[in-house]
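What follows is a short report on a single structure.
Residue numbers (the UniProt record's numbering): 1 to 144.
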């Protein structure tokens, strides 16, 4: 996906901003294909670094509501109003696509499923384990 983004946006002045935890491995792949400057943050714990590049590719494994991404975009645009924002994700929920319509979104697939990540071990209705817990097989470790 990083190579594809580079084909369309061939800037050497690009930042790849990876959202921990779930986005890390996907973000590494995007970065290796794209290049640029690599940043990684946990949006629940870390302050956003000051990003001065012309293009920022925000990488997350799954985008469900787009709330986290929207907050990050607002901070980046406040710091650097002329920056171009690109989104890269494995899966994006179809309603989130509309919220991010002003930005190029690269995704493996769009899903009609909607889940709320929760601090729980089992899926119950539309609530289930956090995406990163599922990706990194941490469910049993956290709840035993």
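A virtual CB, placed ideally from N, CA and C, is assigned to each residue, including glycine.
By the 16-neighbour rule on beta-carbons within 10 angstroms, residue 15 is buried. Counting along the chain, the unbroken beta strand (DSSP E) around residue 61 starts and ends at 55-63. In this chain, the alpha helix (DSSP H) harbouring residue 72 covers 67-79. Residue range 94-99 is occupied by the alpha helix (DSSP H) that includes residue 96.
In this structure, residue 110 sits away from residue 87, with a CB-CB distance that is not shorter than 8 Å. In the three-state DSSP reduction, residue 48 falls in the coil class, being neither helix nor strand.
In its chain, beyond the 5 residues on either side, 33 and 106 have a beta carbon closer than 8 Å to the beta carbon of residue 4. Within the model, the alpha-carbon separation for residue 112 versus residue 80 is close to 33 Å. Shown here, residue 83 sits in coil according to DSSP, grouped into three states, outside any helix or strand. In the structure shown, residue 38 adopts extended strand secondary structure according to DSSP, grouped into three states.
Contact check between the segment 88-102 and the segment 39-46: fewer than three CB pairs, one atom from each, fall below 8 Å, which does not count as touching. Burial state of residue 64 is buried, judged by a 10 Å Cβ sphere holding 16 or more other Cβ atoms.
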